[in-house]
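To keep things clear, I will list the structure first and then write my remarks on it.
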Ligand SMILES: Nc1ncnc2c1ncn2[C@@H]1O[C@H](COP(=O)(O)OP(=O)(O)OP(=O)(O)O)[C@@H](O)[C@H]1O
Ligand SMILES: [Mg+2]
């Protein structure tokens, strides 16, 4: 991870230099980030490559993407197109190969893994396809976990977690272990865990893929209402039926990102 | 953190029980072996440590012995000569002689007769080790002492009043001691003259001379003085004779190396058994650790979570092993095996338990879990 970053740093320096020479600005990206406070996450010329052996896979071509407050952004694309990669970059769990990532005004490229963890803890909520609740912990303890990692006292953390669980209609199953809950119920607990720390960005990777139709509707309505409350919510899916919940749709195809469906692009 | 760690442990009961049992077995084994070794060393040095150390600052032995249980005869005049050396307050001749005891039931046993002058009985028995009779009773005709714990080895009772023959001569147990024992032979204490009588020990010889140093004189200096003035004998600080004896037996009998290798084996196997079980249960939870990282846990947090789990294992395993050791101690006590679970032994055991479980957690689990990438949670 470290050696990769060093190479990237060299990359950024060169790239930034060219950029400022052309535009004449000192910190063009910082300016862009601060110009629009509604931009919770900004990907600017961001690409990601994976090296396995001597083959290099470009999971994401250099792309410009923003995730804004008050918006539920749907990220749609076929399997292997780079959706999760895009989400991982915005979610600060991986470093870009080139380009920059800004989250809540912080330049992700320059942060070390511990600083990234902190950034995630305080600013980003995650919802996963397979729920990813901590198996040994009850629903309540799962939701308390981010708060406890923020060093919030147990009592206060418990109260907040209870409120979050009640918000997702899971107030009556707080003592249950994840394995005692249905998929839909687990996902609601996961949403409670994602929102309990009051993050600005909620990133969901295929949150409905493992759910039945009724649970899909419940989960999506909850995510939608979070966006209404001011959060930036991004939902990765290849289920086009979720389009009805979207404020904005981003299409990912073969690592390329666009705001128009790929076939339309080809058509045009 | 502790609550979370505890829940991780409780969630995987079979493996957690496996880890605790692993810790109990290695800790108990180490404690038991070290306890037995400590007990044996007290027996090895028994001849010296059962003497009245208030009076015996220095022991004078023959020139070559380094083992108090193998004293050669020295000239009886040494006791007189040493009294004239500056700094010597008094000198007490001691006779130690092997003998054969035979009992009314026909059983015989090798014993060690230890004689010193009445009424001081500098060679022993110590007052606080006497459970029946008194030192004065050793002045009675045929009187010897015998130890409570030797009853079974002597295949007879060692109670006061028991009659026996020592080297074919009549003797009566008048004093019963408890835990005044040596390594590999029962101690019968008696007067100096009676020890000579039973052991056919020449009147002009003694086995050793105990020396009390005058107050204000450094023991080392008096010892050196004796050694330079009496070149045919060897003067020891009492403590040095004891440790020399223990060292000699521990090495020559291979007790040290056999118990030592057992302890090392227990540490190594504990390290691997516990480490690999911890590793396997950590790997079962790898998805959970990955999720924790994704939602914002640092590697430091994950490391602490794993270390706290291993600490809980260490403390639980240690307490259970301690209880087991106490049970073992109580169980073998009646047989005369006196295991002393000292604070030092407990402290050392806890350190070893701690090192085994925390060390193996660091070595096996933490390294692997720390290398789990937070992004991995998206790929399952
Ligand atoms: N850690 C990795 N190492 C190597 N290649 C990877 C890695 N992660 C993703 N890829 C590759 O990058 C490409 C994009 O993967 P990504 O997971 O972003 O796709 P996706 O759109 O989320 O697909 P899906 O809908 O199946 O989840 C794929 O070809 C994938 O094999
Ligand atoms: Mg994906």
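Protein chains in written order, with the working numbering: chain A, 173 to 440; chain B, 3 to 382.
Backbone N, C-alpha and C define an ideal beta-carbon position, used for all residues, glycine too.
Original post:
For ligand 1, any of its heavy atoms closer than 8 Å to the Cβ of residue 231/A?
Top reply: yes
Original post:
So, helix, strand or coil for residue 344/B, using DSSP?
Top reply: coil
Subject >> Contact with chain A by residue 10/B, beta-carbon distance below 9 Å >> reply: yes
Subject >> First and last residue of the uninterrupted alpha helix (DSSP H) at residue 295/A >> reply: 285 to 295
Original post:
Helix, strand or coil: which one does DSSP assign to residue 425/A?
Top reply: strand
**OP:** Please indicate yes or no: does the CB of residue 250/A lie closer than 8 Å to some heavy atom of ligand 1?
**Re:** yes
Original post:
Do we get a CB-CB distance below 9 Å when we pair residue 369/B with the residues of chain A?
Top reply: no
Original post:
Measuring from the CB of residue 303/A, is there a heavy atom of ligand 1 at a distance below 8 Å?
Top reply: no
**OP:** Run the proximity test for residue 380/B: is its beta-carbon closer than 8 Å to any non-hydrogen atom belonging to ligand 2?
**Re:** yes
**OP:** For residue 250/A, count neighbouring Cβ atoms within 10 angstroms of its own Cβ and tell me buried if that reaches 16, exposed if not.
**Re:** exposed
**OP:** Pull out every residue of the region 264 to 281 of chain B whose Cβ sits closer than 7 Å to any Cβ of chain A, in chain order.
**Re:** none
**OP:** Return the residues of the region 184 to 209 of chain B that lie within a Cβ-Cβ distance of less than 7 Å from chain A, sorted by chain order.
**Re:** none
**OP:** Check whether the Cβ of residue 253/A lies closer than 9 Å to any Cβ atom in chain B.
**Re:** no
**OP:** Measure the C-alpha to C-alpha separation of residue 246/B and residue 91/B and round it to an integer number of angstroms.
**Re:** 25 Å
Subject >> Chain-order list of residues whose beta-carbon lies under 6 Å from that of residue 193/A (same chain, five-residue window excluded) >> reply: Because residue 193/A carries a pLDDT of 36, less than 50, the predicted location of this residue cannot be relied on, and no value is offered for it.
Original post:
Quick one, what's near ligand 2 if you take every residue whose CB is closer than 6 Å to any heavy atom, in chain order?
Top reply: 255/A, 256/A and 377/A
Subject >> Any non-hydrogen atom of ligand 3 closer than 8 Å to residue 251/B Cβ >> reply: The ligand content of the structure shown is limited to ligand 1 and ligand 2, which means ligand 3 is not among them.
Subject >> Span of the alpha helix (DSSP H) around residue 335/A >> reply: 326 to 339
Subject >> Residue burial classification, residue 100/B (beta-carbon count within 10 angstroms, cutoff 16) >> reply: exposed
Original post:
Relative to the C-alpha of residue 188/B, which residue among 257/B, 229/B, 116/B and 96/B is closest?
Top reply: 116/B
**OP:** Look at the Cβ atom of residue 124/B, then the Cβ atom of residue 96/B, and state whether they are nearer than 9 Å.
**Re:** yes
Original post:
How about residue 220/A and residue 227/A: are their beta carbons less than 9 Å apart?
Top reply: no
Original post:
Considering only C-alpha positions, which residue in the set 137/B, 260/B and 215/B is nearest to residue 240/B?
Top reply: 215/B
Original post:
Quick one: does residue 265/A have its CB under 9 Å from some CB of chain B?
Top reply: yes
Original post:
Excluding the five sequence neighbours on either side, which residues of its own chain have a C-beta within less than 6 Å of the C-beta of residue 405/A, listed in chain order?
Top reply: 244, 374, 395, 398 and 399
Subject >> the region 272 to 281 of chain B in contact with the region 360 to 378 of chain B per 3-pair CB rule at 8 Å >> reply: yes
Subject >> Counted within 10 angstroms of its Cβ, other Cβ atoms place residue 316/A as buried (16 or more) or exposed >> reply: buried
Original post:
Going by other Cβ atoms of all chains shown within 10 Å of its Cβ, with 16 needed for buried, is residue 423/A buried or exposed?
Top reply: buried
Original post:
By DSSP, does residue 300/A sit in helix, in strand, or in coil?
Top reply: coil
Subject >> Contacts of residue 321/A in chain C (Cβ-Cβ under 9 Å) >> reply: Any reference to chain C falls outside this structure, whose protein chains are A and B.
Original post:
Rounded C-beta distance between residue 411/A and residue 380/A? I'm assuming under 8 Å.
Top reply: 6 Å
Subject >> Closest Cα partner of residue 341/B within the set 324/B, 355/B and 201/B >> reply: 324/B
Original post:
residue 149/B touches chain A at which residues, Cβ-Cβ below 8 Å?
Top reply: Within 8 Å Cβ-Cβ: nothing; residue 149/B doesn't reach chain A, min ~56 Å.
Original post:
Based on Cα-Cα distance, which residue from 87/B, 38/B, 381/B and 45/B lies nearest to residue 229/B?
Top reply: 87/B
**OP:** Can you give me, in chain order, the residues of the region 321 to 341 of chain B that have a beta carbon less than 7 Å from any beta carbon in chain A?
**Re:** none
**OP:** Give the straight-line distance between the Cα atoms of residue 207/A and residue 368/A, rounded to the nearest whole angstrom.
**Re:** Any answer about residue 207/A is weak, because its pLDDT of 45 lies below 50 and its placement is not dependable; what the coordinates show is given next. Approximately 28 Å between the Cα atoms of the pair.
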